[in-house]
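K.L.:
Start counting at 1 in the sequence shown, then tack on 27, and there's your number in my numbering. Every residue, glycine too, gets a C-beta built ideally from N, C-alpha and C.
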Amino acid sequence: MKQKTLFSPIVPFKKLKSTKAWLLTSELVRKKAKGRCYTCGGKYPMNKLVAGHFLEKIGNAATYFDLNGLRAQCQWYCNRMRHGAKDIYALKLIEEVGLEAVQALKKKAHKSKQWTKAELETIRFEREEFIKNLTEHS
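1. For K70, which residues from the same chain have a beta carbon less than 7 Å from its beta carbon, with the 5 sequence-adjacent residues on both sides left out?
2. Throw me the rounded Cβ distance for the G96 and L82 pair, which I believe falls under 8 Å.
3. Going by alpha carbons, who is nearest to K75 out of T52, A48, C105 and A88?
4. Count the other C-beta atoms from every protein chain shown that fall within 10 angstroms of the C-beta of H80, then say buried if there are 16 or more, exposed otherwise.
5. Using the C-alpha atoms, what's the distance from H164 back to K58?
6. Quick check on T162: buried or exposed, where buried means 16 or more other Cβ atoms within 10 Å of its Cβ?
7. Starting from L55, follow the alpha helix (DSSP H) in both directions and report where the run begins and ends.
8. Who does Q100 pair with in a DSSP beta bridge?
9. Which ranges would you report for the alpha helix (DSSP H) in the region 101-153 if only whole runs of at least 4 residues count?
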């Protein structure tokens with residue numbers, strides 16, 4: 028008989044994008060934007076927007092799910108062709124949340140982080156509730 032362990036397995040970084048936690052996080056970010064790209068201001072259908080990271084995903088696992096550093100971006104132009112339009116993104120984010128919050132996000136990004144299945148399950152649950160509340164109050 029296999030003995031239960033007290034820890035939750037680590038989810039490899041490459042697999043975060045396919046987790047339910049990420050899919051719901053992306054949906055939440057796009058729904059909150061109401062079809063508007065954060066960086067160019069264009070109006071798009073939900074399926075043409077992505078949850079764009081202020082800080083690159085690679086090497087910044089600690090901020091991967093952080094809603095403070097995620098905004099909806101048009102999938103092709105701002106997120107892909109302009110590589111996230113980081114200059115505009117930074118200026119708007121500083122205006123929106125303040126320089127201190129942006130600096131805190133950058134500081135958090137430098138911390139090493141490995142996500143566990145249990146943490147992702149918690150995020151999934153929180154995002155489901157947030158989306159449900161957002162939908163009810165729309």
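P.N.:
If we stick to the structure as given:
1. Position 43 of the sequence shown, counting from 1, holds the residue named residue 70. Once the five neighbours on either side are set aside, the close Cβ partners of K70 are G62 and R63.
2. On the sequence shown, residue 96 is found 69 positions in, with the first residue counted as 1. On the sequence shown, residue 82 is found 55 positions in, with the first residue counted as 1. The Cβ separation is near 6 Å, so the contact holds.
3. What you label residue 75 is simply residue 48 of the sequence shown in a count that begins at 1. K75 has its Cα closest to that of C105, out of T52, A48, C105 and A88.
4. Position 53 of the sequence shown holds residue 80. So H80 counts as buried.
5. Working through the sequence shown from its first residue, we reach residue 58 at position 31. Working through the sequence shown from its first residue, we reach residue 164 at position 137. Their Cα atoms are separated by approximately 12 Å.
6. Here residue 162 corresponds to residue number 135 of the sequence shown, with the count starting at 1. By the C-beta density criterion, T162 is exposed, having fewer than 16 other C-beta atoms within 10 angstroms.
7. Looking up residue 55 in the sequence shown gives position 28. Element bounds for L55: K47 to A60.
8. As a working mapping, residue 100 is identified with position 73 in the sequence shown. In DSSP, Q100 forms a bridge with V77.
9. 113-124 and 126-136
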